[in-house]
Every structure is written in structure tokens, then in C-alpha cells.
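Asker: Got a structure for you, written out below as C-alpha cells; questions coming shortly.
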Amino acid sequence: MKQLSITPSIISEGYNRITCWTQGRAAALPDGGGVMTAQKLVLAGCDDYGCIHSRVSLGNLTEWSDFVPQAGLARRAGGPGIEIALCDGTPIWHAATGKVLATGHTAGYRVGQNCPESHLSLYRGAPVRGLIPCRTWYSVYDQAADTWAPSRQLLVPPELGVFGSGCTQRVDLADGTLLLPAYSLPTKDQAAATIVLRCAFDGETLSLIESGPPIRLPPELADGSARGFCEPSIARIGECFVLTLREYDKGYVATSLDGLHFSKPVPWTWHEDGTEIGSYNTQQHFATIGDRLYLVYTRRGVNNDHVFRHRAPLFIAEVSLDGFTPTLIRESEQIAVPERGARLGNFGVTNVSEREAWVVACEWMQSWRGGGEPGWSDCEAHGANNAIWLSRIELPAE
Numbered sequence: 217m218k219q220l221s222i223t224p225s226i227i228s229e230g231y232n233r234i235t236c237w238t239q240g241r242a243a244a245l246p247d248g249g250g251v252m253t254a255q256k257l258v259l260a261g262c263d264d265y266g267c268i269h270s271r272v273s274l275g276n277l278t279e280w281s282d283f284v285p286q287a288g289l290a291r292r293a294g295g296p297g298i299e300i301a302l303c304d305g306t307p308i309w310h311a312a313t314g315k316v317l318a319t320g321h322t323a324g325y326r327v328g329q330n331c332p333e334s335h336l337s338l339y340r341g342a343p344v345r346g347l348i349p350c351r352t353w354y355s356v357y358d359q360a361a362d363t364w365a366p367s368r369q370l371l372v373p374p375e376l377g378v379f380g381s382g383c384t385q386r387v388d389l390a391d392g393t394l395l396l397p398a399y400s401l402p403t404k405d406q407a408a409a410t411i412v413l414r415c416a417f418d419g420e421t422l423s424l425i426e427s428g429p430p431i432r433l434p435p436e437l438a439d440g441s442a443r444g445f446c447e448p449s450i451a452r453i454g455e456c457f458v459l460t461l462r463e464y465d466k467g468y469v470a471t472s473l474d475g476l477h478f479s480k481p482v483p484w485t486w487h488e489d490g491t492e493i494g495s496y497n498t499q500q501h502f503a504t505i506g507d508r509l510y511l512v513y514t515r516r517g518v519n520n521d522h523v524f525r526h527r528a529p530l531f532i533a534e535v536s537l538d539g540f541t542p543t544l545i546r547e548s549e550q551i552a553v554p555e556r557g558a559r560l561g562n563f564g565v566t567n568v569s570e571r572e573a574w575v576v577a578c579e580w581m582q583s584w585r586g587g588g589e590p591g592w593s594d595c596e597a598h599g600a601n602n603a604i605w606l607s608r609i610e611l612p613a614e
């Protein structure tokens, strides 16, 4: 099997051991360059995010401008005693309008609290308090001014429920509409559900057209300790839509012919023998290169027990659609971004052209021992220093 050409590069590195860059993702621009977003995380907290920053490539993909904070994407007051952070953004070029559209979700914090209120419901055995709703935000990039518009909220009818689109990868359709995956937060009564929204985008406003039914864990697995399906990403290969889903114990996959109504999710497995790939509690994303679909993911079993949730290295492998049930071809597996002690699980994949994709990831300087000195010292012991990686994934020359 012919291997992909993979060129990993560090485009910036270094941090102050108080905060570190996270949630790095990029959109490809028609001129061959790119725009990247990321935000700083307070290492003493848990998902304690600040303002989203942006940078652009300077003539090539190894040199980039400095990050600039975006006033319209800053943390803000959300009511008495509440702060709202815009986080988990994914910028993607929208060809029909010639704009870069970023989507993500909101996280709510009680003043003085160093982790989102929603986290109290995410961990097994944790008590559930009244949640600050998670919403889908979006912003449009002004390339001429090199700034992002103030964020807006995707409006949905109350009966649909509350869904956020953090860390998700969308599909743009030929008519300019887009399929945007989103997910709810778990409650004490129900695990998180994923939903796919079909939206219109006119270059300024993102609006809901229709939605598919919620996608939930099978009843036999959705007990009181299950988190459910979150951080979904969608891709299209031929006439098939493929949805990959993060879940506490393993990664799942489902398929659809219309992009809204999906098959029962099943665990990701190896094509060769049907065993599970070993990915768990971490997002996965798709790359479409040539006429083939690839998954970028993390997994156990590669001498990476020292990495938080085994979230490094990042692997890429080809997806087989034999029998309309996606599996991964183990023979095709390659390392997309190397492991240096820090987790890489909050990453992004950019589909650039028919022959090229990018994988962008920040070394997240917290470990199994949490934040502060124990966390960053664990990561540094293996060489990590909050590097921001960009790997170019290309078809090999003929």
C-alpha cells in the first residue's frame, strides 16, 4: 500500500508555564496561505480558556505572523456571577461565499471558578448542578482587515434543545448549505446526544434550515455513568456521509445517505481483523485526499501510557467503506504528528485540495497529574514545550 507523504513542522513553540496555547486549527485560503486560530489555557485550571487569537501564514506554511487577540472573540460577562468563553473553534473556508466561517461552542464559568460549570456533569460519579447552557457560536473572517467579526449565536427553536458545535468538522454542500454537527451536554437523566444541522450561510449570517434526529448511545450502554456522544465530525466520500463520534470508552462511527439521518453508531475497528482500534474519550477528524477518506485519531498501545488519555501521537489511516460500514485499514496507519509527552487530542484537520490536507495541533502542557508544575514537568520531561505543529499530508508524487 502506497504511503502518504507527511511533513510535520513546528511553526512556533515556547510558553511561560502559567498558560499554554490550545485548540489550534487552521483554514486554507485560496492564495495558498492559511489563517489559524488558537486560545490560551490557564494551566492551574481545567479547560479555563481565554480569548481566541488569530494568525496568518507569511508566504509559506512554516512562517506565520504573531497571534493577535480578537476582541470579538474574547471572554465576556454572561450575567450576574457568570463569564462566557468562546472555545473549541474550527475555521473552514466556505467556497460559495468566499469567506472563512468559524464555529464553536460556549463554555460558562462561575466567577472565581477555574473550570466550566458543565464539567460537573461530565465525569463519572460527579454531582450534577444547574448547567450554564452550551451554545453554538460563529464568526466570519475579514481577510483584508485580518480580523474576525464579533461572534454571533446560531439561533435554533427551543424544542430542538441546546447544542454546541465545539471541535466539530463540517461538510459544505454544492448548493452552499452546510452540514454542521453539534452535541448536547449530558444530564443526570440522559447521556449527551449528537445531531447534524443543515444550515444556510450568506457570508454574514448562519441560519438553521433543518436538523436530523438525535444520535444517542445504544440503550444498553447509556447507563447513569455514560457521557454519550460528543465532538462529532462529518465527512463525505462519494454519496456516503460518515460521522465520527467521541465517547468515553471508545470512538464510534455512523453513516448516512442524506447527511442528517445516520445508522446506529458502532465502534471504530480495524478492517483486517475486526478488533477495536483503541481510541477513547478523544475527538477524531477526517481528511479527504485523492478519492479516499482518512481518519486522524489517537489510540492506546504505542508506548504512550505517559500521555494524558493516550492523546499522542496523532495517527492517520485510510477508511474502508466495504459493506457501508467504515473501518480503518491498519496497514495504512502512519504518524501524522509525533508524540513528545504532551497531549495533542484537541486538534484540527484542514482539507486543502484534492491532494493535500493539514493537521494542526498544540502541545497541551497538562498531564495525568493535572495542571501546575506536576503537569508541565511531566510533559517537558519528554521534550514538549507547547509547540504548535502543522503537518502537511499529501499524496506522494506519481
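Whatever position you read off the sequence shown (first residue = 1), add 216 for my numbering.
Heads up, the beta-carbon is just placed ideally off N, CA and C, and yes, glycines get one too.
Nothing here was measured: the structure is a model prediction, and the numbers come from that model.
Note down the Cα distance separating GLU229 from CYS578, rounded to an integer number of angstroms.
Answerer: For GLU229 and CYS578, the distance between alpha carbons rounds to 9 Å.
Asker: Should the segment 590 to 602 be regarded as contacting the segment 265 to 285, the criterion being three or more beta carbon pairs within less than 8 Å?
Answerer: In short, these stretches do not touch, since the Cβ pair count stays below three.
Asker: So who's on the other strand from ASN567, going by DSSP bridges?
Answerer: DSSP lists ALA573 as partners of ASN567.
Asker: In chain order, what residues of the same chain lie with their CB nearer than 6 Å to the CB of CYS446, ignoring the 5 residues before and after it?
Answerer: Correct list, in chain order: TYR399, ALA408 and ARG462.
Asker: DSSP state of HIS522, grouped into three classes?
Answerer: HIS522: coil per DSSP, three-state reduction.
Asker: Just how far apart, CA to CA, sit ASP418 and ALA360?
Answerer: Taking the straight line joining both Cα atoms gives about 18 Å.
Asker: Nearest CA to the CA of SER427: which residue from ASN497, GLY377, PRO434 and GLY454?
Answerer: When each option's Cα is compared against that of SER427, the closest is GLY377.
Asker: Less than 8 Å between the CB atoms is what I'm expecting for ARG386 and PRO397, so what's the real figure, rounded?
Answerer: Their Cβ separation, rounded to whole angstroms, is 7 Å, which keeps ARG386 and PRO397 in contact under 8 Å.
Asker: So is THR543 buried or exposed if we call it buried at 16+ other beta carbons inside 10 Å?
Answerer: Per the 10 Å Cβ criterion, buried.
Asker: Can you tell me whether CYS267 sits near the ligand ZN, meaning its C-beta is under 8 Å from at least one heavy atom of the ligand?
Answerer: Of the ligands one can find in the structure shown there are none, so the ligand ZN has no counterpart to examine.
Asker: Over the uninterrupted alpha helix (DSSP H) stretch that includes GLU420, give me the two end residues.
Answerer: Note, GLU420: premise wrong, no alpha helix (DSSP H); not H, not E.
Asker: Pick helix, strand or coil for GLY588, following the three-state DSSP scheme.
Answerer: Of the three classes helix, strand and coil, the one that applies to GLY588 here is helix, per DSSP.
Asker: Please classify TRP237: is it buried, with 16 or more other beta-carbons within 10 angstroms of its beta-carbon, or exposed?
Answerer: It is buried - the Cβ of TRP237 has at least 16 other Cβ atoms within 10 Å.
Asker: Would the segment 519 to 539 and the segment 547 to 557 be scored as touching if the rule is three or more Cβ pairs under 8 Å?
Answerer: As far as the Cβ criterion goes, the segment 519 to 539 touches the segment 547 to 557, which means the pair count is three or higher.
Asker: Output the residue ranges of the beta strand (DSSP E) runs that lie fully inside the segment 223 to 300 and measure 3 residues or longer, sorted by chain position.
Answerer: Runs of the beta strand (DSSP E) inside the segment 223 to 300: 235 to 244, 250 to 258, 265 to 272 and 292 to 295.
Asker: Against chain D, with Cβ distances strictly below 9 Å, would HIS522 count as a contact?
Answerer: Annotation note: the requested chain D is absent from the structure, which comprises a single protein chain.
Asker: How many angstroms separate the CA atom of GLU589 from the CA atom of GLN582?
Answerer: Looking at the two C-alpha atoms, the distance is approximately 9 Å.
Asker: Is the separation between the beta-carbon of TRP580 and that of ASN562 shorter than 9 Å?
Answerer: Yes, the pair counts as a contact, with Cβ atoms nearer than the cut-off.
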